[in-house]
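A.B. asks: When the letters of the sequence shown are read in order and numbered with numbering that gives the first Met the number 0, they come out as residues 0 to 434. Backbone N, C-alpha and C fix where the C-beta goes; we use that ideal spot for every residue, glycine too. As the structure is a prediction and not an experimental result, all values here were calculated from the model. Encoded as structure tokens, here's the structure I'll be asking about.
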Amino acid sequence: MTETVVSSALSSREHREPSRLWHTFCDMNTVTKGPEFVVERAEGVWLWDASGDRYLDGTASLWYCNVGHGRTEIADAVHRQISTLDAYTVYGDFSNRPAVELSERLSAHAPVADPRVILTCGGGESIDTAAKLARRYWAVTGQPGRTHLISRTGGYHGLHGFGTSISGMDRFRSGYGRLVEDTSVVPHDSAAALEAEILRVGPERVAAFFAEPVVGAGGVFPPQEGYFAEVSRICHRYGVLFVVDSVICGFGRMGNWFGIERFGVDPDMIVFAKGVSSGYLPLGGVVVGGRVADPFYNGEGNPFMHGTTYAGHPTACTAAMANLDILEREDLFTVSLEVERQLDGALRSLAGHPLVAEVRSGVGVMGAVELTEEALVRRGITTAEVFAEARARGVIVRPIPTALLVSPPLIITWEQIDHLVSTLAAALDAVASRH
Ligand SMILES: Cc1ncc(COP(=O)(O)O)c(C=O)c1O
0 MTETVVSSAL
10 SSREHREPSR
20 LWHTFCDMNT
30 VTKGPEFVVE
40 RAEGVWLWDA
50 SGDRYLDGTA
60 SLWYCNVGHG
70 RTEIADAVHR
80 QISTLDAYTV
90 YGDFSNRPAV
100 ELSERLSAHA
110 PVADPRVILT
120 CGGGESIDTA
130 AKLARRYWAV
140 TGQPGRTHLI
150 SRTGGYHGLH
160 GFGTSISGMD
170 RFRSGYGRLV
180 EDTSVVPHDS
190 AAALEAEILR
200 VGPERVAAFF
210 AEPVVGAGGV
220 FPPQEGYFAE
230 VSRICHRYGV
240 LFVVDSVICG
250 FGRMGNWFGI
260 ERFGVDPDMI
270 VFAKGVSSGY
280 LPLGGVVVGG
290 RVADPFYNGE
300 GNPFMHGTTY
310 AGHPTACTAA
320 MANLDILERE
330 DLFTVSLEVE
340 RQLDGALRSL
350 AGHPLVAEVR
360 SGVGVMGAVE
370 LTEEALVRRG
380 ITTAEVFAEA
390 RARGVIVRPI
400 PTALLVSPPL
410 IITWEQIDHL
420 VSTLAAALDA
430 VASRH
């Protein structure tokens with residue numbers, strides 16, 4: 000997600016007529032005054048714009064291109080599949096080989112007991128699926144009062160109906176009238192706060208707790224030591240379903256399949272998207288534990304009246320299978336742990352910069368460079384300016400209101416990490432010298 004208004008004034012590209020493409024998360028007034036930033040092609044960690052200028056993709060687009068761009072192996076697999084069976088529904092008993100194979104493969108690696116897989120087209124759709132499933136589970140197992148959903152500050156779960164309603168960032172929730180009711184947000188770093196909230200609401204009313212292994216788009220906040228073991232115990236104690244949102248943290252970004260393995264807990268559901276296909280085609284889903292699935296297979300919940308047209312899309316599932324082949328063959332799970340260390344070391348060199356309040360990194364291939372309050376409030380510096388300076392120097396980072404985020408493809412080299420971080424330092428210097 001890109002939420003900060005990005006000025007295209009720094010771009011030297013000549014003015015063109017504004018297109019009819021509405022860029023959300025963006026001040027369209029700004030975009031229509033200057034040229035759009037057209038990404039023409041991509042390979043590995045590199046992007047090229049319409050003028051042929053090259054940029055390092057320091058964000059793997061939106062945290063998803065884990066295997067890097069331009070993998071012809073995925074393109075070839077997609078071509079073969081789309082020429083054989085382009086698309087077909089998996090409603091009713093309709094099925095297709097790629098959807099089945101992908102579900103089996105994910106089930107084999109998910110830290111969830113007796114897993115079943117519901118497929119969707121992305122993260123937000125999967126969050127809505129998990130939220131509805133959680134509420135419905137309780138409705139069909141004799142506890143219909145359990146509708147309340149608890150999430151965490153900084154948590155981002157997409158912007159569909161439920162995702163908007165459980166967002167841990169107020170700016171995504173306001174202005175839409177009444178959202179989904181019976182939700183609340185607790186501090187991301189306190190297991191005690193989760194327990195207190197369950198007791199305040201009443202355990203007999205709480206359906207599920209949603210958490211990312213590392214808070215991602217909200218600013219890269221890794222959990223404190225022991226946090227997940229404790230929240231998992233709390234969820235068990237009060238019978239609350241524990242839903243892990245691995246949309247960012249999955250598929251190698253934390254050195255394993257779903258991110259949460261790092262903390263040794265076994266959730267009731269895992270939501271995934273992004274890195275499952277490295278974004279080559281849109282795909283997401285929910286791994287559902289057997290206990291939750293059972294009443295929908297064998298009991299009163301049958302059938303689960305929920306789904307979307309493109310769920311189980313064979314071509315998207317084929318792209319995911321080819322992507323997972325690369326992740327496994329190149330052992331990007333192990334490689335990423337070393338990338339995590341290198342990136343952490345490099346980013347920490349920015350901690351002494353006068354504009355920088357804090358660097359958060361070291362858990363997963365991701366990091367945040369938080370600007371000081373003095374820079375943001377007193378000097379009026381914006382992260383959008385830093386983003387623009389970095390992009391003008393050939394490096395893409397992601398601005399959120401108070402920080403610059405990085406989450407490169409897992410194949411990034413040490414030289415490229417140095418290039419990313421030294422360019423970000425130069426961008427910070429350039430902005431500091433203007434204010
Ligand atoms: C943790 C998390 N969950 C859910 C989503 C929503 O995914 P999508 O944008 O595919 O709907 C995102 C998107 O960034 C995310 O970071």
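Taking only heavy atoms of ligand 1 into account, decide whether any of them is closer than 7 angstroms to the Cβ of D343.
C.D. replies: One-based indexing of the sequence shown puts residue 343 at position 344. Every heavy atom of ligand 1 is 7 angstroms or more from the Cβ of D343, so no.
A.B. asks: Please list the segments of the beta strand (DSSP E) lying wholly inside the region 191-259, counting only runs of 3 or more residues, in order along the chain.
C.D. replies: Counting whole runs of 3 or more residues, the region 191-259 contains the beta strand (DSSP E) stretches 205-210, 240-244.
A.B. asks: Under 8 angstroms between the Cβ atoms of P294 and G288?
C.D. replies: Here residue 294 refers to the residue found at position 295 when the sequence shown is read from its first residue. Here residue 288 refers to the residue found at position 289 when the sequence shown is read from its first residue. Not closer than 8 angstroms, so no.
A.B. asks: My assumption, with CB atoms under 8 angstroms, is that G393 sits in contact with R53. Please give the rounded CB distance.
C.D. replies: Working through the sequence shown from its first residue, we reach residue 393 at position 394. Working through the sequence shown from its first residue, we reach residue 53 at position 54. At roughly 6 angstroms, the Cβ-Cβ gap stays under 8 angstroms, so G393 and R53 are in contact.
A.B. asks: Could you tell me how far apart the beta carbons of F271 and G249 are, in whole angstroms, since I believe they sit closer than 8 angstroms?
C.D. replies: Residue numbering aside, residue 271 sits at position 272 when the sequence shown is read from its first letter. Residue numbering aside, residue 249 sits at position 250 when the sequence shown is read from its first letter. Yes, they are in contact, since the Cβ atoms of F271 and G249 sit about 5 angstroms apart, within 8 angstroms.
A.B. asks: Touch check for the region 417-430 and the region 389-409: three-plus C-beta pairs under 8 angstroms?
C.D. replies: Output reads yes: the region 389-409 touches the region 417-430.
A.B. asks: Within its chain, find whatever has a CB closer than 6 angstroms to the CB of T31; leave out the 5 residues flanking it on each side and keep chain order.
C.D. replies: Counting from 1 along the sequence shown, the entry for residue 31 is found at position 32. P17.
A.B. asks: By the three-class DSSP mapping on this structure, what secondary structure does A424 have?
C.D. replies: The residue labelled residue 424 in the question sits at position 425 within the sequence shown. Helix at A424.
A.B. asks: Along the chain, where does the alpha helix (DSSP H) containing P165 start, and where does it finish?
C.D. replies: For the purposes of this step, residue 165 is taken as the residue at position 166 of the sequence shown. Here the sequence assigns Ile to residue 165, which means Pro is not the residue at that position. Taken as a continuous stretch (DSSP letters only), I165 belongs to no alpha helix (DSSP H), as it is neither H nor E.
A.B. asks: Opposite H434 in the DSSP bridges: which residues?
C.D. replies: On the sequence shown, residue 434 is found 435 positions in, with the first residue counted as 1. H434 pairs with nothing; no bridge assigned.
A.B. asks: When DSSP labels each residue in this structure, what does A429 get in the three-state scheme?
C.D. replies: Against the sequence shown, residue 429 aligns to sequence position 430. Helix, per DSSP.
A.B. asks: Quick check: what's the CA-CA separation for H235 versus S189?
C.D. replies: The residue given as residue 235 occupies position 236 in the sequence shown. The residue given as residue 189 occupies position 190 in the sequence shown. Each residue's Cα considered, the two are about 17 angstroms apart.
A.B. asks: Could you tell me if the beta carbon of A272 falls within a distance shorter than 7 angstroms of some heavy atom in ligand 1?
C.D. replies: Along the sequence shown, one-based indexing puts residue 272 at 273. Yes; taking the cut-off as 7 angstroms, the Cβ of A272 has a heavy atom of ligand 1 nearer than that.
A.B. asks: Measure the CB-CB distance between S360 and L409 and report whether it falls below 8 angstroms.
C.D. replies: On the sequence shown, position 361 is the one that residue 360 refers to. On the sequence shown, position 410 is the one that residue 409 refers to. Not a contact, by the Cβ cut-off of 8 angstroms.
A.B. asks: Tell me the rounded alpha-carbon separation between A318 and P400.
C.D. replies: Numbered from 1 along the sequence shown, position 319 holds the residue referred to as residue 318. Numbered from 1 along the sequence shown, position 401 holds the residue referred to as residue 400. Whole-angstrom Cα-Cα distance: 34 angstroms.
A.B. asks: Does DSSP put E68 in a helix, a strand or coil?
C.D. replies: Position 69 of the sequence shown, counted from the first residue, corresponds to residue 68. Note that residue 68 is His in the sequence shown, not Glu. DSSP places H68 in strand when its eight states are reduced to three.
A.B. asks: Check whether the region 53-68 and the region 259-278 are in contact - that is, three or more C-beta pairs closer than 8 angstroms.
C.D. replies: Enough Cβ pairs lie closer than 8 angstroms, so yes.
A.B. asks: Work out the CA separation of T333 and H147 for me, nearest whole Å.
C.D. replies: To locate residue 147, count along the sequence shown from 1; it is residue 148. To locate residue 333, count along the sequence shown from 1; it is residue 334. Taking the straight line from one Cα to the other gives about 38 angstroms.
A.B. asks: Taking the Cβ atom as the reference point for each residue, do D244 and E211 lie within a distance shorter than 8 angstroms?
C.D. replies: As a position in the sequence shown, residue 244 is number 245, starting the count at 1. As a position in the sequence shown, residue 211 is number 212, starting the count at 1. The answer is yes: Cβ separation under 8 angstroms.
A.B. asks: For M320, which residues in the same chain have their Cβ closer than 8 angstroms to its Cβ, ignoring the five residues on either side in sequence?
C.D. replies: To locate residue 320, count along the sequence shown from 1; it is residue 321. Only A76, P97, E100, L101, R104 meet the Cβ criterion.
A.B. asks: Can you tell me the Cβ-Cβ gap for I269 and V111, rounded? I've got them flagged as a contact below 8 angstroms.
C.D. replies: Taking the sequence shown and counting its residues from 1, one reaches residue 269 at position 270. Taking the sequence shown and counting its residues from 1, one reaches residue 111 at position 112. Between V111 and I269 the Cβ distance is about 6 angstroms, and since that is below 8 angstroms, they are a contact.
A.B. asks: Hey, would you say the C-beta of L404 is under 7 angstroms away from at least one heavy atom of ligand 1?
C.D. replies: For the purposes of this step, residue 404 is taken as the residue at position 405 of the sequence shown. Not under cutoff, so the answer is no.
A.B. asks: Put L346 into one of helix, strand or coil per three-state DSSP.
C.D. replies: For the purposes of this step, residue 346 is taken as the residue at position 347 of the sequence shown. Correct three-state label for L346: helix.
A.B. asks: Going by alpha carbons, who is nearest to G251 out of W45, T382, E337?
C.D. replies: As a working note, residue 251 is residue 252 in the sequence shown. Checked all of W45, T382, E337; the closest Cα to G251 is E337.
A.B. asks: So what does DSSP say about M0, is it helix, strand or coil?
C.D. replies: In the sequence shown, the residue the question calls residue 0 occupies position 1. Confidence at M0 is low in this model, with a pLDDT of 42, below 50, so its placement is unreliable and no value can be given for it.
A.B. asks: Ignore the nearest five residues each way along the sequence and tell me which others in E369's own chain have a CB closer than 8 angstroms to its CB.
C.D. replies: Locating residue 369 in the sequence shown gives position 370, counting from the first residue. Correct list, in chain order: G218, V355, A356, E357, V358, R359, T401, A402.
A.B. asks: Cβ of G366 less than 8 angstroms from any chain B Cβ?
C.D. replies: Although the question refers to chain B, the structure presented lacks it and comprises just one protein chain.
A.B. asks: When every heavy atom of ligand 1 is checked, does at least one fall within less than 7 angstroms of the C-beta of V184?
C.D. replies: Along the sequence shown, read from residue 1 onward, the residue named residue 184 stands at position 185. For ligand 1, not one heavy atom lies less than 7 angstroms from the Cβ of V184.
A.B. asks: Only counting the same chain, and skipping five residues up and downstream in sequence, which positions put a Cβ closer than 7 angstroms to that of V44?
C.D. replies: Within the sequence shown, numbered from 1, the residue matching residue 44 stands at position 45. So the list reads L55, D56, G67, P407, P408, I410, I411, Q415, once near-sequence residues are dropped.
A.B. asks: Helix, strand or coil for S360, going by three-state DSSP, please let me know.
C.D. replies: The residue labelled residue 360 in the question sits at position 361 within the sequence shown. In this structure, S360 counts as strand in the three-state DSSP scheme.
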